[in-house]
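Engineer: One structure coming up, written as structure tokens, with questions to follow.
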Ligand SMILES: C[S@@+](CC[C@H](N)C(=O)[O-])C[C@H]1O[C@@H](n2cnc3c(N)ncnc32)[C@H](O)[C@@H]1O
């Protein structure tokens, strides 16, 4: 049941949030502050899902404001730097549900909008409408007719369109696979993607005006990635650097509704070889700088897990689509080394070790030092300088890595 929140209540919360974002250095632009104060964020998050504490397997519980206490808790959460899960779908191959949409935490929403560098009169395409909140902020700032938003999920689109209209915003909101952009409304001055991709779709390059900017979260085969601000050249080429801070997004899905987990390639039947490594597999945890470089030395379609391996000890496991696999013990032995068991045609752990040596040699670079150039046929990652720095092919599903 929808609850009515007095304007004085949510406006005070929106002001508190804006002040917090201001203090934290996330919010700089007066127009975005105005939008934050004008758009009632709670209207876009009438309910959210949270994991049931201690439930195994994981179970999600829906939370809707009901009494005074739960309404206050809901409002405090919505107007705070918290991501809230807003839609679930069945994981067909796992027998559980998984999040497929969320209300992005407002500090990230605002940092992205700041990084998008919009000015009045620009036309923006958002990929991933979700709740519709980001589209509302854009429509407030630029005017509804300059904003288009697409989501693959028809129910999300219908709900978002409804919420937006109730508040007087009428951007173009379409059910479509964002990978195709929105050709009938192109060209755009800005594209902002709020779902992560393995490769920047060609349609985004084509539909962005020369000089335009795309803000996109790009990840590699281990799922390590970050947001990039990519500028379109006169030719159909995008180039830019990763943002200095890290922001994470749900991966683009190919269909609405039920979803499938990352494919888990079968392991080759050949017996594994055992050896030792000085490289701690924990270096691959977390999806940040080193894992980003490491995956440039691995093939696309990788599967990675931390689990109990064949020898009943905790291991990091990597598998590749060609059947190659390795398991590296999480705990070191008495000499400080980790046990590696590996098989198959691609020397996966040796490639990670090569990446580690390169990483140290390059001075453990930070996000801002990495950039990407995207053409219709290639994704090239570079360090520090697009023309003279070291570079690697991003192993996209279409273009495997060549270590
Ligand atoms: C983090 S949510 C977006 C949050 C949203 N911008 C907001 O303001 O609430 C990611 C969204 O990307 C959408 N998405 C996933 N795959 C997509 C695709 N192929 N095309 C368009 N949208 C997609 C999901 O359905 C989900 O709603």
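Numbering (this note's numbering), first residue to last: 1152 to 1554.
We treat Cβ as the ideally placed atom computed from N, Cα and C, and that holds for glycine.
Report yes if the C-beta distance between residue 1301 and residue 1525 is below 7 Å; otherwise report no.
Structural biologist: The residue given as residue 1301 occupies position 150 in the chain shown. The residue given as residue 1525 occupies position 374 in the chain shown. The answer is no: Cβ separation not under 7 Å.
Engineer: Count the other CB atoms, across all protein chains shown, that sit within 10 Å of the CB of residue 1193; report buried if there are 16 or more and exposed otherwise.
Structural biologist: Walking along the chain shown from the start, residue 1193 turns up at place 42. Result: buried.
Engineer: For ligand 1, is there any heavy atom lying closer than 6 Å to the beta carbon of residue 1329?
Structural biologist: Along the chain shown, read from residue 1 onward, the residue named residue 1329 stands at position 178. For ligand 1, at least one heavy atom lies less than 6 Å from the Cβ of residue 1329.
Engineer: For residue 1380, which beta-bridge partners are listed by DSSP?
Structural biologist: By one-based count along the chain shown, residue 1380 stands at place 229. 1366 and 1392.
Engineer: For residue 1311 and residue 1475, I'd like the C-alpha separation in whole angstroms.
Structural biologist: For the purposes of this step, residue 1311 is taken as the residue at position 160 of the chain shown. For the purposes of this step, residue 1475 is taken as the residue at position 324 of the chain shown. Roughly 44 Å between the two C-alpha positions.
Engineer: Please state if the CB of residue 1480 and the CB of residue 1466 are separated by a distance shorter than 7 Å.
Structural biologist: To locate residue 1466, count along the chain shown from 1; it is residue 315. To locate residue 1480, count along the chain shown from 1; it is residue 329. For residue 1466 and residue 1480, yes; Cβs fall inside 7 Å.
Engineer: Among 1405, 1448, 1286 and 1306, which one has its Cα closest to the Cα of residue 1315?
Structural biologist: For the purposes of this step, residue 1315 is identified with residue 164 of the chain shown, where counting begins at 1. Ranking the options by Cα distance to residue 1315, first place goes to 1286.
Engineer: Pull up the distance between the alpha-carbon of residue 1347 and that of residue 1367, whole angstroms please.
Structural biologist: Start at 1 with the first residue of the chain shown, and residue 1347 comes out as number 196. Start at 1 with the first residue of the chain shown, and residue 1367 comes out as number 216. The straight-line gap from Cα to Cα measures roughly 7 Å.
Engineer: Got a sec, what are the start and stop residues for the alpha helix (DSSP H) residue 1263 sits in?
Structural biologist: Translated into positions along the chain shown, residue 1263 becomes position 112. Residue 1263 -> alpha helix (DSSP H) spans 1257 to 1267.
Engineer: Name the residue from 1209, 1232, 1211 and 1279 whose alpha carbon lies nearest to the alpha carbon of residue 1257.
Structural biologist: Along the chain shown, read from residue 1 onward, the residue named residue 1257 stands at position 106. Of the candidates 1209, 1232, 1211 and 1279, the one whose C-alpha sits nearest the C-alpha of residue 1257 is 1232.
Engineer: Please return the same chain residues whose Cβ sits closer than 6 Å to the Cβ of residue 1332, not counting the five positions on each side in sequence.
Structural biologist: Counting from one through the chain shown, the residue named residue 1332 turns up at place 181. 1354, 1355 and 1358, listed in sequence order.
Engineer: Can you determine whether any heavy atom of ligand 1 sits closer than 6 Å to the C-beta of residue 1240, and answer yes or no?
Structural biologist: The residue you call residue 1240 lines up with position 89 of the chain shown. Residue 1240: no, Cβ never under 6 Å from ligand 1.
Engineer: Nearer than 6 Å: is that true of the beta carbon of residue 1285 relative to any heavy atom of ligand 1?
Structural biologist: As a first step, residue 1285 is located in the chain shown; it is residue number 134 there, counting from the start. It does: the Cβ of residue 1285 is within 6 Å (strictly closer) of some heavy atom of ligand 1.
Engineer: Could you tell me which of 1513, 1230 and 1389 sits nearest to residue 1567, measuring between CA atoms?
Structural biologist: No answer is possible for residue 1567: it lies beyond the span of the chain, which begins at 1152 and ends at 1554.
Engineer: Apart from the five residues on each side of it in sequence, which residues of its chain come closer than 7 Å, Cβ to Cβ, to residue 1428?
Structural biologist: Mapped onto the chain shown, residue 1428 falls at position 277. These residues qualify, in order along the chain: 1479, 1488, 1489, 1491, 1500 and 1504.
Engineer: At which residues does the beta strand (DSSP E) containing residue 1241 begin and terminate?
Structural biologist: Position 90 of the chain shown, counted from the first residue, corresponds to residue 1241. Looking at the DSSP string, the run of the beta strand (DSSP E) that includes residue 1241 is 1235 to 1242.
Engineer: Residues bridged to residue 1302 by DSSP?
Structural biologist: Position 151 of the chain shown, counted from the start, is the residue given in the question as residue 1302. DSSP output for residue 1302 lists 1326 as bridge partner(s).
Engineer: For the stretch 1265 to 1285 against the stretch 1164 to 1175, do three or more pairs of beta-carbon atoms, one drawn from each stretch, fall closer than 8 Å, so that the two count as touching?
Structural biologist: In short, these stretches do not touch, since the Cβ pair count stays below three.
Engineer: Could you give the distance in angstroms between the alpha-carbon of residue 1101 and the alpha-carbon of residue 1537?
Structural biologist: Residue 1101 lies beyond the residue range present for the chain, which begins at 1152 and ends at 1554; the question has no answer from this structure.
Engineer: Just tell me which of 1329, 1477 and 1485 has its CA closest to the CA of residue 1494.
Structural biologist: Residue mapping note: residue 1494 aligns to position 343 of the chain shown, counting from 1. Closest option to residue 1494, Cα to Cα, is 1477.
Engineer: Going by DSSP, what residue range makes up the beta strand (DSSP E) through residue 1181?
Structural biologist: What you label residue 1181 is simply residue 30 of the chain shown in a count that begins at 1. Segment 1181 to 1189 is the alpha helix (DSSP H) holding residue 1181; no beta strand (DSSP E) there.
Engineer: Just verifying my parser: in three-state terms, what is the DSSP assignment at residue 1349?
Structural biologist: Taking the chain shown and counting its residues from 1, one reaches residue 1349 at position 198. Here residue 1349 sits in coil by DSSP.
Engineer: Starting from residue 1425, trace the beta strand (DSSP E) in both directions and tell me its first and last residue.
Structural biologist: Working through the chain shown from its first residue, we reach residue 1425 at position 274. Note, residue 1425: beta strand (DSSP E), 1424 to 1428.
Engineer: Throw me the rounded Cβ distance for the residue 1363 and residue 1392 pair, which I believe falls under 8 Å.
Structural biologist: Translated into positions along the chain shown, residue 1363 becomes position 212. Translated into positions along the chain shown, residue 1392 becomes position 241. Contact doesn't hold; Cβ gap of about 16 Å is too wide.
Engineer: When you compare only the Cα positions, how much space is there between residue 1377 and residue 1390?
Structural biologist: For the purposes of this step, residue 1377 is taken as residue 226 along the chain shown, with counting starting at 1. For the purposes of this step, residue 1390 is taken as residue 239 along the chain shown, with counting starting at 1. Answer to the nearest angstrom: the Cα atoms are 15 Å apart.
Engineer: Based on the DSSP secondary-structure assignment, which residues constitute the bridge partners of residue 1248?
Structural biologist: By one-based count along the chain shown, residue 1248 stands at place 97. Paired residue(s): 1241.
Engineer: Quick one: is the Cβ of residue 1254 within less than 6 Å of any heavy atom of ligand 1?
Structural biologist: Residue mapping note: residue 1254 aligns to position 103 of the chain shown, counting from 1. Answer for residue 1254: yes, Cβ within range of ligand 1.
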